[in-house]
Amino acid sequence: MLTRPEILRRPLRLVWLALLLAASGCSTIAKREPSLLPTAYELKTGPFVVHSNEAMKSDVPAVQALEQLRGDLAKRLKGSQGEAEDKGPIEVYVLDDRSSFLHLLRFYFPELPPRRAFFLAQGDERIVYTYQGPMLEEDLRHEAAHALLRGRFGDIPLWLDEGLAEYFEVGPDDVHDRESRLAKLEADRKAGWKPDLARLEGLAEVHEMKPRDYREAWAWVDLMLSDSGPGSAVLVDYLSVPSDRRSLADRLESRGMNGESLLAHMDGRPLKLIARKPADRPDRAVRMQDRDLEIPRRLQEPRRPSFLRRLGEFLGF
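Counting in the working numbering, the sequence shown runs from 7 upward without gaps.
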């Protein structure tokens, strides 16, 4: 257990990281001593090790939420080079109630505002802190998504990390959650907001991201992982090669996906992919069917004027 003088002597680097955590609720920081953490029961499920003071079985909603999250990630982000099973451990501490959680924050994280959950990481350590409450499953999915994404793809750009966590927070198949998010974005549009992925990519610090930025990040992920365009393959390729994290906005633009595409997606309109003339390359190959382009006869021959039209012309009208 750390004494107050010891807390005050913590390295400035950890204090700085903790301040970043305060701005968003999710960040990277050193692991703290577990003296105020629940340790009575331990449940292992996949890469997660869930600690609590009340026994939790594998069929409780909180544990099922973690398992469903793993399935959702595997389904939506399939086909990457990083498909190996996450062996963990990802430590999950579920405190008894909000009061216990606030006590933990005041003792170990006095510089932080009250939050419902945190994801903390350093090196290979991945830890989720939360508490028993009405939003437990949602909080677990959001923070555990950060942990799973970090384990599979490494350090992800801030906006995309949060956008993916928002996307998987409730579940990509939850219609009501999606409608609620779209309604908020529509209000943003009426207030003058326009999507700008390049601007999102320029946000490097968590305190720079505003609620509207989280909503836009979610919308871009929702667009890319929809079934109506090539965005899923672009996203998975981008995530799978950490050494080649060039602008995702440029990659999407090259596939005809931009801010207008995002607005069309939000409105439920089909994507309008812009046809682009491919560059001439020596390895270019073209395949075509063996039939000429058939033009209907009605389009090949000029239409004969109607009887009334001919009569009018004869009478000089």
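Note that the Cβ used here is the ideal one computed from N, Cα and C, for glycine as well.
Supposed contact pair residue j and residue i - C-beta distance, whole angstroms, cut 8 Å
i	j	result
Leu258	Val240	6 Å
Glu144	Val181	Going by Cβ atoms, the distance from Glu144 to Val181 rounds to 16 Å, so no, they are not a contact pair.
Ala68	Leu155	Not a contact, Cβ separation roughly 20 Å.
Asp78	Phe174	6 Å
Nearest-angstrom Cα separation, counted from residue j out to residue i
i	j	result
Ser260	Arg251	15 Å
Arg218	Leu191	8 Å
Lys283	Gly265	In this prediction, Lys283 has a pLDDT of 42, which is less than 50 and means its spatial position is unreliable; what the coordinates show is noted afterwards. Distance between the alpha carbons of Lys283 and Gly265: 21 Å.
Gln339	Thr51	Only positions 7 to 323 of the chain appear in this structure, which leaves residue 339 out of reach.
Leu110	Leu126	14 Å
Leu206	Val134	26 Å
Asp161	Leu245	10 Å
Val55	Leu83	23 Å
Pro116	Pro44	19 Å
Ala210	Trp165	8 Å
Gly274	Ser232	11 Å
Met215	Pro201	14 Å
When the options are compared against residue i, the one with the closest alpha-carbon
i	options	result
Ala46	Ala68, Trp165, Leu170, Tyr99	Tyr99
Asp167	Glu97, Trp226, Met141	Trp226
Thr136	Ala151, Arg147, Phe159, Phe107	Phe107
Asn59	Pro163, Met215, Gln138	Gln138
Glu48	Asp92, Pro67, Glu97, Gln70	Glu97
Asp92	Leu101, Trp165, Ala80	Ala80
Pro230	Val56, Glu117, Leu254, Arg205	At residue 230 the sequence reads Met, which differs from the Pro that was named. The candidate whose alpha carbon is nearest that of Met230 is Leu254.
His57	Gly77, Leu146, Met141, Gly169	Leu146
Asp102	Val66, Ala71, Ala61, Tyr114	Ala61
Ser238	Glu214, Met263, Ala197	Met263
Ser105	Glu117, Gly94, Pro95, Arg121	Arg121
Pro140	Val247, Ala123, Met272, Val212	Ala123
Leu203	Glu222, Ala150, Gln70	Glu222
Val212	Ala151, Glu149, Pro163, Asp65	Pro163
His271	Met215, Glu185, Val66	Glu185
Arg158	Ser267, Trp224, Pro95	Pro95
Asp179	Lys63, Tyr220, Gln74, Leu42	Gln74
Trp224	Lys63, Tyr114, His148	His148
Bridge partners - residue i, DSSP secondary structure assignment
i	result
Ala127	Arg132
Tyr99	His57, Tyr135
Lys50	Val55
Status (buried if at least 16 other CB within 10 Å, exposed otherwise) for residue i
i	result
Arg112	exposed
Arg132	buried
Arg195	exposed
Ala171	buried
Ala150	buried
Ser249	exposed
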